[in-house]
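Presented below is the structure to which this report refers.
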Amino acid sequence: MSVIGIDFGNDSSYVAVAKAGGIETIANDYSLRATPSFVAFAGRNRVLGVAAKNQQVTNMNNTIGNFKELLGRKFDDPRAQEELRSLPYHTEALQDGGIGIRVNYLDEEHVFSPEQITAMLFTKLKEDAFKELKTQINDCVITVPSYFTNAQRQALLDAANISGLNVLRLMNETTATALSYGFYKQDLPAPEEKPRNVIFVDCGHASLQVSACAFHKGNLKMLASCSDSVGGRDFDLVLATHFNKEFQTKYKIDASSKKRAFLRLMAEVEKLKKNMSANSTKLPLNIECFMNEIDVHSSMQRSEMEELSSHLLKRIETTMRKLLLDSKLALEEIHSVEIVGGSSRIPAIKHLIEQIFGKPASTTLNQDEAVSRGAALQCAILSPAVRVREFSCTDVQAYPVLISWTDTDGPHEMKVFEQYHAAPFCRLLTVHRKEPMTIKVHYEPNSIPYPDPFIGTYHVKGIKPDANGEAQEVKVKVRINNNGIITVSSATMYERKESEEPSSPTPTSNGDQQKTGDANQSSPQGDESGKVGEPMDIQEGSDDEHPKKDSKPNDSSGEGWTQRVTRWFTSDKKKKVTTKQVELTIDSNTHGFVHTELCKYFEEEMKMIANDRQEKERIDARNALEEQVYEIREKIQEDGALHDYIDPQDASAICRELEETENWLYEEGESCEKGVYKERLEKMRAKIDPVRNRCEEFNGQEQAFTDLGHAVQQTLKAVEQYRAKEPKYEHLTETEMINITEAAQKAQKWYEEARSKLVGARKTEDPPVKLADIRHETVTLTTCTNSVLNRPKPKPPTPPADQNQQNGSSATGAASQDTHAPGNDNQDSNTPKQTTEDSMDVE
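Per the UniProt record's numbering, the sequence shown starts with residue 1, numbered consecutively.
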């Protein structure tokens, strides 16, 4: 099982995977690392990713893009309405106030929510990862903009659940970028040293995020994060508006009056913007047949674009300065400024960075893939399936959070999380209640880019007064979880009960004094005035039953310290207070789909996936039939490969059938089921396969006969070498050579007869000798001869060891008699003389 990180972008998405060799970005079916965030519907087919964006201009009403900013928003949201005005597809309000996207799918009108569209894109990314990794994909980390609210984060989680993904964490894009930067840095300061403060500027297609992060070895801590809804598409819109005004004056055409024309203009100015980022010279803009069959031409220089976009650059500058103020960092405390995101390549933005932070823009990170790589790293850290070095990330809560409730003495409100509070985090709040209560959680008004600050309403049930009718202590846990979602996670009531239990037997007077002494010894030391502390072994009770901590040995009642302690221990019963924790039930009303809705949408997505699979198989079957029509027609024509092997009358009949099939494919056969195409394909192959077989038979026979003849010649040549007494065959017997000679002669005879049968054979008829028969004869001959001719020579027999030793001794003795003079007995005659060669062998 593999773990992946998904960078879900407004224009393009990236998927990275953690492997043993590091982090890799996965390529899609077009061999591109970036998958456009587009979903399209074309009749019975659902098109995702690159193919969807490619048909945006021709199928714009059913091609959905730029839907990221619609997640978790209501239809009447001013920000949503601003987005919807620029979208070419149809939208409407749903019954719950959400946004519905109307498309034509399966020849019917369907309305999908942005969460469902996002789930379709996730399905595509999941499929691409599966094809690349050849393993099931379950666990993932998905990045979200740091400015996303509870509603938007929950909507993204719902989309992931619909697509069948198990999200280990929703991670802020700013934090993922910081993790991608810090994980591989080996020179980060130790925890006791001053942190390395790095600024990250992420300017993407639809948003700007600027964050400050403090790094230590093995951990990072986000300090602050500021954002604005300004991105690359805003620069594109400024350029498109400028050129449209120019075309109105110059060519008398208005591109804004036709959505398709304006889409083409936006695509062209995006290319121009990218070119101007790399070139300061004047660059041309040319669009052929733009509107009313008119070709348009214009040009622009980088300085003109910066002048037209001055208001956007001002917003970017304001966001950067706000980050510097919120992070409370001095310029000398900033180590570097890293840039990511496609739009950060604009030179004017780089100039602003150097002007505000006093540091040049650094490009250490991959500007397009840094976020997905950080998400994959986080997924590897969280997943038990992968072993990776630990690196802790402390994020921040972007907006202040308040809670409110109503008590007997009126409404109450308090701030539970400040802006830039550490996350994840739990806060325990204590209240005293007699009855169930309702807690409302919301953002601080006017602190979020969202019209409704509502987070959730939580009704805590099961609260009741104690036995005396008094309010009981209730502890409520408010939590920011790993996904950045605020929730009331639990509520516990501490129920106190008093019970009476028998005391120990009444002690004697000596025992009283002993217990008094023990009590005084176990209490804290008295002060100089003679005050003593409260005995540690006395249970809590009312003030009348317990001595005051500062009480004197003799009080005004005349009862001394010893008498009072004695009375406590001689009483028949004493009261014991026990505390019982009772977990309370919480009914919540928050953003997101309920369980039944999620199950329903998940089933719909699974049905669409199955339909996509069936549709792909149907289209593949249709394409196979169409391909076969063109291939057969080409091969049976006069200069085709099969022309000589088919009867002219049969060829004419097949051509008529091919023409009929072609016409049928483009008429009533346009949208048939897969089985219909397969049936026609099988019938067509049944007629053309005999012709193909004849072609293969005749074309392969020449080589097969050559191989057989070569085998016969090699066998007869080996027999001649045996007759000539060549050493390599001297171990073979005469009987074996006679057998292989007969086999070679038999194969040669069969060869000559088969050749004679093929002399008058017509190519339009099946050959009298099959290709398989020729190959069978070749295999039979080579198997028979190779088993004999390739048999290795037997090794010469080895003499017995004792005989060798005896022969060696005799030879040595003889040598000794010849080489030693009489009377020279210093060396044993049976011991051979050691030579220089023997010494070298030992060495």
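Note that CB positions come from ideal geometry on N, CA and C, so glycine has one too.
Item                                                                                                                                                         : Value
Just mark SER2 as buried or exposed, buried being the case when its beta carbon has 16 or more other beta carbons within 10 Å.                               : buried
What's the gap between the Cα of LEU428 and the Cα of PHE593?                                                                                                : 27 Å
Can you round the beta-carbon distance between TYR458 and VAL488 to whole angstroms, since I take them to be within the 8 Å contact cut?                     : 4 Å
If you measure from the beta carbon of THR457 to each beta carbon in chain C, is any gap under 8 Å?                                                          : The structure shown contains no chain C; it is built from a single protein chain.
Residue ranges of each alpha helix (DSSP H) run of no fewer than 4 residues wholly in the segment 259 to 294, ordered along the chain?                       : 259 to 278
Helix, strand or coil: how does DSSP classify residue 907 here?                                                                                              : Because residue 907 is not part of the residues shown, which for the chain are 1 to 843, the question remains open.
Opposite ASN589 in the DSSP bridges: which residues?                                                                                                         : THR457
Pick helix, strand or coil for MET536, following the three-state DSSP scheme.                                                                                : Because MET536 sits at a pLDDT of 28, beneath the cut-off of 50, its placement in the model cannot be relied upon, and the following sentence gives the value as read from the coordinates. The answer is coil: DSSP assigns MET536 none of H, G, I, E or B.
Does the separation of the CB atoms of SER207 and SER227 fall below 8 Å?                                                                                     : yes
Could you pull out every residue in the same chain whose Cβ sits closer than 7 Å to the Cβ of ASN150, ignoring the five residues on either side in sequence? : ILE455, ILE485, ILE486, HIS591
DSSP three-state call for CYS599: helix, strand or coil?                                                                                                     : helix
Would you check if there are 3 or more beta carbon pairs closer than 8 Å linking the segment 61 to 72 to the segment 39 to 50?                               : yes
Between ASP234, GLU726, MET437, which lies nearest to PRO411 when the distance is taken from Cα to Cα?                                                       : MET437
Just grab the DSSP bridge partners of VAL423 for me.                                                                                                         : Here residue 423 turns out to be Ala, not Val, going by the sequence shown. According to DSSP, ALA423 bridges with ASP395.
Does the beta-carbon distance from ASP368 to TYR30 come in below 8 Å?                                                                                        : no
Between the Cα of ASN446 and those of TRP405, ILE463, TYR399, spot the shortest distance and give me the residue it belongs to.                              : TYR399
Could you check where the alpha helix (DSSP H) with PHE357 kicks off and where it finishes?                                                                  : 347 to 357
Short of 7 Å in beta carbon distance, which residues of its chain neighbour ASP7, apart from the five on each side in sequence? Order them along the chain.  : SER13, TYR14, THR143, VAL371, SER372, ALA375
Kindly indicate which three-state DSSP category HIS205 falls into: helix, strand or coil?                                                                    : coil
For ASN483, which residues in the same chain have their Cβ closer than 7 Å to its Cβ, ignoring the five residues on either side in sequence?                 : ARG153, LEU157, ARG169, LEU170
Thinking C-alpha only, which one of ASP76, ASN59, VAL629 is nearest GLN95?                                                                                   : ASP76
Tell me whether LEU382 sits in a helix, a strand or coil according to DSSP, three-state version.                                                             : helix
DSSP state of TYR677, grouped into three classes?                                                                                                            : helix
Once the 5 residues before and after GLN721 are set aside, which same chain residues still bring their CB inside 7 Å of it?                                  : TYR729
Keeping to the same chain, check which residues put their C-beta closer than 8 Å to that of LEU308; ignore five residues upstream and five downstream.       : VAL238, LEU239, HIS242
Report yes if the CB atom of CYS140 is closer than 8 Å to the CB atom of ILE4, and no otherwise.                                                             : yes
If you compare alpha carbons, which of ASP647, GLU662, CYS379, GLU603 is closest to LYS687?                                                                  : ASP647
Could you work out which residue in MET684, LYS53, GLU24 is closest to THR35 when comparing CA atoms only?                                                   : LYS53
When the Cα atoms are used, what is the spatial distance from GLU498 to ASP466?                                                                              : 10 Å
Contact defined as beta carbons within less than 8 Å: I believe LEU48 pairs with GLU115. What is the distance between those atoms, to the nearest angstrom?  : That belief does not hold up - the Cβ atoms of LEU48 and GLU115 are roughly 16 Å apart, past 8 Å.
Starting from THR780, trace the alpha helix (DSSP H) both ways and give me its first and last residue.                                                       : 771 to 789
Thinking C-alpha only, which one of GLN56, ILE738, PHE705 is nearest ARG264?                                                                                 : GLN56
Start and end of the beta strand (DSSP E) containing LYS477?                                                                                                 : 472 to 480
In the DSSP assignment, find the unbroken alpha helix (DSSP H) run with VAL238 in it and report its ends.                                                    : 232 to 250
Starting from CYS672, follow the beta strand (DSSP E) in both directions and report where the run begins and ends.                                           : Premise fails: CYS672 is in no beta strand (DSSP E) and is neither H nor E.
Among THR58, GLU604, CYS784, LYS464, which residue has its Cα nearest to the Cα of LEU584?                                                                   : LYS464
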